[in-house]
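Sequential numbering from 1 applies to the first sequence in full-length UniProt numbering.
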Amino acid sequence: MPELPEVEIIRQYLDEQLPGRTIACADILLTRQLKYPEPEAFQSLVAGKRMKGMRRRGKYLLLDLQDGSTIVFHLRMTGSLVYDPSGNQRDAYARMVFHLAGGGALVFADVRTFGCVYGFAAGEEIAVSGLQSLGPEPLSEAFTPAYLAQAIRGRKQPIKSFLLDQRRIAGLGNIYADESLFLAGIHPRREAGSLTQAECKKLAAAIQHVLRDGLADGGTTFRNYRNGEGGYGRHQEHLCVYHRAGKPCPTCGRPIEKITVGGRGTHFCPYCQH
DNA sequence: TTCTTAACCTGGAGGC
DNA sequence: TGCCTCCAGGTTAAGA
């Protein structure tokens, strides 16, 4: 399940490989995942276009083309975006294949088909509601303890649910939200608005710490995450609570518990988090 | 306005 | 071995 570190690692690799290359044509193997425009219009939009670079915003990837048009990807839970230099690899779950002039392909694959792709022509507004309403990047200067304190003010929802709200913080997902709360010593069911200034400072620092660790480890792979080369991350080996129910807490040694918060599986230490 | 819940979807795990 | 049920989870729309 790609979150900010995983999406950023994909972006970095593809941004090295794709600029200057030209899309010969696009095969749309599952039209349901192409949200805009219609398949024929999308194919016309990308065919023969030279790629300029890959950007990231939250969990969205934006592939800019030289003519000013943009392809937007969201990998959701099981999506991947992989550059295949040979262009010959066969992925059973490939949903869209961009064949490149001179060989090679950019393959959008997705097991559970929740991911989505959009294409916008030059000058056209990038009308993706989730993308337009994203909160600040947690590793940017805009994300500070003061921002966090202001954003949670008066909120009664659990802090875990708050952290997963992309309108408040862009890019956090279930894994890094659980890890951040553990590092900050905050119980995931705490009312968001009940956090003190000191806890906001601790939580903001924890969020940045776990995201940077995830980036340094090449991301977290549980089932389907693959980086832009088709390889796997290593951060799952360093997680403190996520996916560790029943295993000892790295701080106190007592068992990690798993509960449901806001409909999401949530892992925490009931002794270290308050 | 804020928060919660269901739905989308399919592979894999576990139970029988 | 095969079948069935449940779980996983990011986002959004609908409902409370």
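For every residue, glycine included, the Cβ atom is placed at its ideal position computed from N, Cα and C.
Subject >> Contact check, A177 vs L195, beta carbons under 7 Å >> reply: no
Subject >> Integer Cβ distance of V210 from E191, believed to fall under 8 Å >> reply: The Cβ separation is near 22 Å, so there is no contact.
**OP:** Quick one: grab the DSSP three-state call for A198.
**Re:** helix
Original post:
How would you label D27, buried or exposed, when you count the other beta carbons within 10 angstroms and need 16 or more for buried?
Top reply: exposed
Original post:
My guess is that I23 and V46 are in contact by the Cβ rule of under 8 Å, so how many angstroms apart are they, rounded?
Top reply: 5 Å
Original post:
With burial defined as no fewer than 16 other Cβ atoms inside 10 Å of the residue's Cβ, what is the status of N88: buried or exposed?
Top reply: exposed
Subject >> Residue closest to C240, alpha-carbon to alpha-carbon, out of G262, Q273 and G263 >> reply: Q273
Subject >> Segment contact, 8 Å Cβ cut-off, at least three pairs: the stretch 97 to 109 with the stretch 152 to 166 >> reply: no
Subject >> Backbone CA spacing between K52 and L61 [nearest angstrom] >> reply: 13 Å
Original post:
Cβ of P145 within 7 Å of Cβ of K201?
Top reply: yes
Original post:
So, are the CB atoms of Y242 and I175 less than 7 Å apart?
Top reply: yes
**OP:** Using three-state DSSP, classify Y271 as helix, strand or coil.
**Re:** coil
Original post:
Taking Cβ to Cβ, would you say R234 is nearer than 7 Å to G218?
Top reply: yes
Subject >> Rounded distance between the beta-carbons of F182 and C269, thought under 8 Å >> reply: 6 Å
**OP:** Compute the beta-carbon to beta-carbon distance between Q157 and G135, rounded to the nearest angstrom, for a pair I have assumed lies under 8 Å.
**Re:** Q157 to G135, Cβ: 15 Å. No contact.
Original post:
What is the rounded straight-line gap between the Cα of Y36 and the Cα of G263?
Top reply: 29 Å
**OP:** Please state if the CB of R56 and the CB of V7 are separated by a distance shorter than 7 Å.
**Re:** yes
Original post:
Cα separation between I159 and A149?
Top reply: 12 Å
Original post:
Using CA coordinates, which residue listed in T70, D91 and G79 is at the minimum distance from E124?
Top reply: T70
Original post:
Hey, A4 and G171: beta-carbon distance below 7 Å or not?
Top reply: At residue 4 the sequence reads Leu, which differs from the Ala that was named. Yes, Cβ-Cβ distance for L4 and G171 is below 7 Å.
Subject >> Separation of P138 from A216, as counted between CA atoms >> reply: 16 Å
Original post:
Under the DSSP definition of a beta bridge, which residues are partnered with T70?
Top reply: D64 and F120
Original post:
Between I256 and A206, what straight-line distance do the alpha-carbon atoms span, to the nearest angstrom?
Top reply: 19 Å
Original post:
Does the beta-carbon distance from R95 to L30 come in below 7 Å?
Top reply: yes
**OP:** Would you mind stating whether M1 and M54 have Cβ atoms separated by less than 7 Å?
**Re:** no
Original post:
Which whole-angstrom value describes the C-beta separation of R189 and V261, a residue pair presumed to lie in contact below a C-beta threshold of 8 Å?
Top reply: 6 Å
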